[in-house]
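J.: Structure incoming, see below.
Protein chains: 2
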Amino acid sequence: MTGSGLRARKKEHTRQLIQGHALRLFLAKGYEATTVEEIAAAASVSHMTFFRHFPTKESVVDTDDYDPMIAKLIAGRPPAEHPLTAIHQALLEGLSTILPQGRDILLIRTRLILTTPALRARLWENQYATVRLFTDALTARHTRLSDLEGRVLAAAALATVTTSLTTWVDCDGAEDLPELVDRSFAALRRGLV
Amino acid sequence: MTGSGLRARKKEHTRQLIQGHALRLFLAKGYEATTVEEIAAAASVSHMTFFRHFPTKESVVDTDDYDPMIAKLIAGRPPAEHPLTAIHQALLEGLSTILPQGRDILLIRTRLILTTPALRARLWENQYATVRLFTDALTARHTRLSDLEGRVLAAAALATVTTSLTTWVDCDGAEDLPELVDRSFAALRRGLV
DNA sequence: TAACATTGGTTAGTCACTAACGTAAGGGTG
DNA sequence: CACCCTTACGTTAGTGACTAACCAATGTTA
Chain V
3 MTGSGLRARK
13 KEHTRQLIQG
23 HALRLFLAKG
33 YEATTVEEIA
43 AAASVSHMTF
53 FRHFPTKESV
63 VDTDDYDPMI
73 AKLIAGRPPA
83 EHPLTAIHQA
93 LLEGLSTILP
103 QGRDILLIRT
113 RLILTTPALR
123 ARLWENQYAT
133 VRLFTDALTA
143 RHTRLSDLEG
153 RVLAAAALAT
163 VTTSLTTWVD
173 CDGAEDLPEL
183 VDRSFAALRR
193 GLV
Chain S
3 MTGSGLRARK
13 KEHTRQLIQG
23 HALRLFLAKG
33 YEATTVEEIA
43 AAASVSHMTF
53 FRHFPTKESV
63 VDTDDYDPMI
73 AKLIAGRPPA
83 EHPLTAIHQA
93 LLEGLSTILP
103 QGRDILLIRT
113 RLILTTPALR
123 ARLWENQYAT
133 VRLFTDALTA
143 RHTRLSDLEG
153 RVLAAAALAT
163 VTTSLTTWVD
173 CDGAEDLPEL
183 VDRSFAALRR
193 GLV
């Protein structure tokens with residue numbers, strides 16, 4: 003559907019063009035200080051074209067295709083595994099495929115998101131949807147899990163990763179992200195006893 | 003400072019007036035469908051007066067004075083108690099003082115927040131600050147706790163309460179909120195083993 | 001009472017975002 | 001090839017949240 007054809011390729015091209023200029027300008031001038039009109043002008047399109055490709059200004063930044071991938075990985079973990087361990091391991095698997103090429107981009111984008119109030123709000127809003135996604139993946143894997151249990155664990159796990167990411171950005175990527183994730187999940191377990 | 007004086011009382015009065023009309027209109031017509039201008043007109047003030055009392059349209063809804071209270075309760079729990087239990091119990095204590103008079107208002111306001119994307123985003127954004135608050139309360143109480151541990155546990159606990167609140171609203175307040183909190187925290191513990 | 005501070009109104013903006021047009025070029029039919 | 005339908009994009013003219021600058025009125029204090 004969206005694959006070949008001259009038109010589809012052109013569309014994808016302008017999309018990338020807009021996103022590229024947007025991120026460049028955000029890093030250079032800051033998110034709030036950059037207007038949609040400027041981005042559109044830089045990409046040589048009208049501001050309407052911008053909104054046809056991205057529903058909001060925020061959405062240029064948070065195109066995370068990661069969530070569905072992680073959800074699949076969760077569903078694929080062995081059923082005997084405890085729910086939180088399953089999410090933990092699925093996250094590590096996901097990171098091992100993302101980090102090799104995408105480490106720097108992830109760091110820059112995450113920092114931009116965490117330091118910009120509007121984008122931060124959007125991030126949390128996405129988590130709302132992500133919790134549902136992870137919950138379904140959990141309950142599909144482990145049928146004895148109630149919806150409430152699934153939601154609690156998915157939400158707690160997401161909060162844990164977010165904490166890892168926050169810490170990672172705080173130290174400017176100096177620490178190893180998978181290790182931070184391990185330590186965060188260990189902290190979660192230790193807090194309960 | 004903000005207590006007596008005719009002027010201070012008048013100011014508080016208009017503030018309450020604006021907030022009252024705003025919530026009424028939000029419930030009647032929906033959040034998005036209600037403009038600031040309408041709220042201001044209903045309260046017989048200019049839209050500038052609105053923004054002098056509330057920095058954003060969203061802020062009319064989420065005046066939660068609960069966080070500092072809960073933070074104090076956390077800090078007051080016995081040091082021997084495990085961190086997550088301390089938060090759990092502090093939350094129950096807090097609810098026992100809020101629920102008697104404020105149950106219906108809490109339910110209505112929470113539903114409004116959870117069903118409105120813009121307000122939901124704002125809620126998550128607040129949680130960012132709340133995590134810091136709770137983390138400090140935790141580490142003050144339990145000096146052996148690292149910052150990462152504190153943050154993970156505070157974030158996980160918050161995610162757990164939020165799940166309880168979401169479930170509470172989903173069933174329209176039919177279930178007992180403190181009991182839902184208990185079950186959510188139990189679910190969190192069970193997920194780890 | 002005079003000087004001050006603060007609340008609120010007025011006006012004129014900026015910026016994100018939308019709706020209703022129109023146009024030109026892609027792409028599958030006869 | 002000619003035909004028409006689809007679609008990406010532009011133009012224009014809005015709406016609504018939010019801000020800044022300036023001004024009027026009214027508590028508050030010396």
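Protein chains in written order, with our numbering: chain V, 3 to 195; chain S, 3 to 195.
Even glycine gets a Cβ: it sits at the ideal position worked out from N, Cα and C.
Because the structure is a prediction, the values reported are computed rather than measured.
#1: Counting pairs of beta carbons, one from the segment 19 to 34 of chain V and one from the segment 46 to 60 of chain V, are three or more of them closer than 8 Å?
#2: Please report how far the alpha carbon of Leu114 (chain V) lies from the alpha carbon of Thr36 (chain V), in whole angstroms.
#3: Residues of chain S with CB closer than 7 Å to the CB of Arg111 (chain V), please, in chain order.
#4: Report yes if the CB atom of Arg124 (chain S) is closer than 8 Å to the CB atom of Asp69 (chain S), and no otherwise.
#5: Is DSSP giving Ala73 (chain V) helix, strand or coil here?
#6: Distance, Cα to Cα, Met71 (chain S) vs Gly7 (chain V)?
#7: Would you say Ala161 (chain V) lies against chain S (beta-carbon separation less than 8 Å)?
#8: Going by C-alpha to C-alpha distance, which of S:Asp106, S:Ala82, S:Ile76 sits closest to Glu95 (chain S)?
#9: According to the Cβ coordinates, are Thr168 (chain S) and Leu93 (chain S) closer than 8 Å?
#10: For Ser166 (chain V), which of S:Gly152, S:Thr16, S:Gln18, S:Arg9 has the nearest alpha-carbon?
#11: Whole angstroms is fine: what's the gap from Met3 (chain V)'s alpha carbon to Arg11 (chain V)'s?
#12: Can you tell me whether Phe28 (chain V) is helix, strand or coil according to DSSP?
#13: Would you verify that the beta carbon of Ala42 (chain V) is, or is not, closer than 8 Å to some beta carbon of chain S?
#14: Give me the Cα-Cα distance between Val171 (chain S) and Arg143 (chain V), rounded to the nearest whole angstrom.
#15: Report yes or no: do the segment 180 to 190 of chain V and the segment 121 to 138 of chain V share at least 3 C-beta pairs separated by less than 8 Å?
#16: At least one CB of chain V closer than 8 Å to the CB of Asp184 (chain S): is that the case?
#17: Report yes or no: is there a C-beta of chain V within less than 8 Å of the C-beta of Pro102 (chain S)?
#18: Output the boundary residues of the alpha helix (DSSP H) element that contains Thr117 (chain S).
#19: Alpha carbon to alpha carbon, how far is Arg191 (chain V) from His49 (chain V)? Give it in angstroms, no decimals.
#20: Distance, Cα to Cα, Thr112 (chain V) vs Leu179 (chain V)?
#21: Going by the beta-carbon positions, is the gap between Glu60 (chain V) and Leu140 (chain V) smaller than 8 Å?
#22: Return no unless some Cβ of chain S is closer than 8 Å to the Cβ of Val62 (chain V).
#23: Three-state secondary structure (DSSP) at Met3 (chain V)?
#24: In the DSSP assignment, find the unbroken alpha helix (DSSP H) run with Val38 (chain S) in it and report its ends.
#25: What does the alpha-carbon distance come out to for the pair Ala44 (chain S) and Arg79 (chain S)?
#26: Hey, does Trp126 (chain V) have any beta-carbon neighbour from chain S nearer than 8 Å?
#27: Measure the CB-CB distance between Ala157 (chain V) and Ala156 (chain S) and report whether it falls below 8 Å.
T.: This is what the structure holds:
#1: Between the segment 19 to 34 of chain V and the segment 46 to 60 of chain V there are three or more C-beta pairs closer than 8 Å, enough to call the two in contact.
#2: Looking up residue 114 (chain V) in the first sequence gives position 112. Looking up residue 36 (chain V) in the first sequence gives position 34. About 13 Å.
#3: The residue labelled residue 111 (chain V) in the question sits at position 109 within the first sequence. Listed by position along chain S, the residues whose Cβ is nearer than 7 Å to that of Arg111 (chain V) form an empty set, because the closest Cβ is around 18 Å away.
#4: Taking the first residue of the second sequence as 1, we reach residue 124 (chain S) at position 122. Taking the first residue of the second sequence as 1, we reach residue 69 (chain S) at position 67. At least 8 Å separates the beta-carbon of Arg124 (chain S) from that of Asp69 (chain S).
#5: Reading the first sequence from its first residue, position 71 is the one you call residue 73 (chain V). Three-state DSSP puts Ala73 (chain V) in a helix.
#6: As a first step, residue 71 (chain S) must be located in the second sequence, where it is residue number 69. As a first step, residue 7 (chain V) must be located in the first sequence, where it is residue number 5. The straight-line gap from Cα to Cα measures roughly 60 Å.
#7: Sequence index remark: in the first sequence, residue 161 (chain V) carries index 159 (1-based). Interface residue, yes.
#8: In the second sequence, counting from the first residue as 1, residue 95 (chain S) sits at position 93. In terms of Cα proximity to Glu95 (chain S), the closest of S:Asp106, S:Ala82, S:Ile76 is S:Ile76.
#9: Counting from one through the second sequence, the residue named residue 168 (chain S) turns up at place 166. Counting from one through the second sequence, the residue named residue 93 (chain S) turns up at place 91. Remark: C-beta atoms of Thr168 (chain S) and Leu93 (chain S) do not approach each other more closely than 8 Å.
#10: Within the first sequence, residue 166 (chain V) is the residue found at index 164, counting from 1. Closest option to Ser166 (chain V), Cα to Cα, is S:Gly152.
#11: As a working note, residue 3 (chain V) is residue 1 in the first sequence. As a working note, residue 11 (chain V) is residue 9 in the first sequence. Residue confidence for Met3 (chain V) is low, a pLDDT of 43 falling below 50, so the modelled location carries little weight and cannot support an answer.
#12: If you number the first sequence from 1, residue 28 (chain V) lands on position 26. DSSP places Phe28 (chain V) in helix when its eight states are reduced to three.
#13: As a position in the first sequence, residue 42 (chain V) is number 40, starting the count at 1. Not closer than 8 Å to any Cβ of chain S, the Cβ of Ala42 (chain V) fails to qualify, so no.
#14: The count along the second sequence starts at 1 and reaches residue 171 (chain S) at position 169. The count along the first sequence starts at 1 and reaches residue 143 (chain V) at position 141. Put simply, the backbone Cα of Val171 (chain S) is about 27 Å away from that of Arg143 (chain V).
#15: They do not touch, by the three-pair rule.
#16: Stepping through the second sequence from its first residue, residue 184 (chain S) is reached at position 182. At a cut-off of 8 Å between beta carbons, Asp184 (chain S) makes no contact with chain V.
#17: In the second sequence, residue 102 (chain S) corresponds to position 100, counting from 1. No, its Cβ sits nowhere closer than 8 Å to a Cβ of chain V.
#18: Residue numbering aside, residue 117 (chain S) sits at position 115 when the second sequence is read from its first letter. Residues 85 to 117.
#19: Here residue 49 (chain V) refers to the residue found at position 47 of the first sequence. Here residue 191 (chain V) refers to the residue found at position 189 of the first sequence. Each residue's alpha carbon lies about 49 Å from the other.
#20: For the purposes of this step, residue 112 (chain V) is taken as the residue at position 110 of the first sequence. For the purposes of this step, residue 179 (chain V) is taken as the residue at position 177 of the first sequence. Cα-Cα distance, rounded: 12 Å.
#21: Residue numbering aside, residue 60 (chain V) sits at position 58 when the first sequence is read from its first letter. Residue numbering aside, residue 140 (chain V) sits at position 138 when the first sequence is read from its first letter. The Cβ atoms of Glu60 (chain V) and Leu140 (chain V) do not sit closer than 8 Å to each other.
#22: Counted from its first residue, the first sequence places residue 62 (chain V) at position 60. When Cβ-Cβ separations below 8 Å define contact, Val62 (chain V) makes no contact with chain S.
#23: For the purposes of this step, residue 3 (chain V) is identified with residue 1 of the first sequence, where counting begins at 1. Caution is warranted here: a pLDDT of 43 is assigned to Met3 (chain V), below 50, making its placement in the model unreliable, and the coordinate value is therefore given only provisionally. Met3 (chain V) falls in the coil class under three-state DSSP.
#24: In the second sequence, the residue the question calls residue 38 (chain S) occupies position 36. Segment 38 to 44, the alpha helix (DSSP H) holding Val38 (chain S).
#25: Against the second sequence, residue 44 (chain S) aligns to sequence position 42. Against the second sequence, residue 79 (chain S) aligns to sequence position 77. For Ala44 (chain S) and Arg79 (chain S), the distance between alpha carbons rounds to 45 Å.
#26: Sequence index remark: in the first sequence, residue 126 (chain V) carries index 124 (1-based). A Cβ of chain S is located within less than 8 Å of the beta carbon of Trp126 (chain V).
#27: The residue labelled residue 157 (chain V) in the question sits at position 155 within the first sequence. The residue labelled residue 156 (chain S) in the question sits at position 154 within the second sequence. Annotated as distal: Ala157 (chain V) and Ala156 (chain S), with beta-carbon spacing of 8 Å or more.
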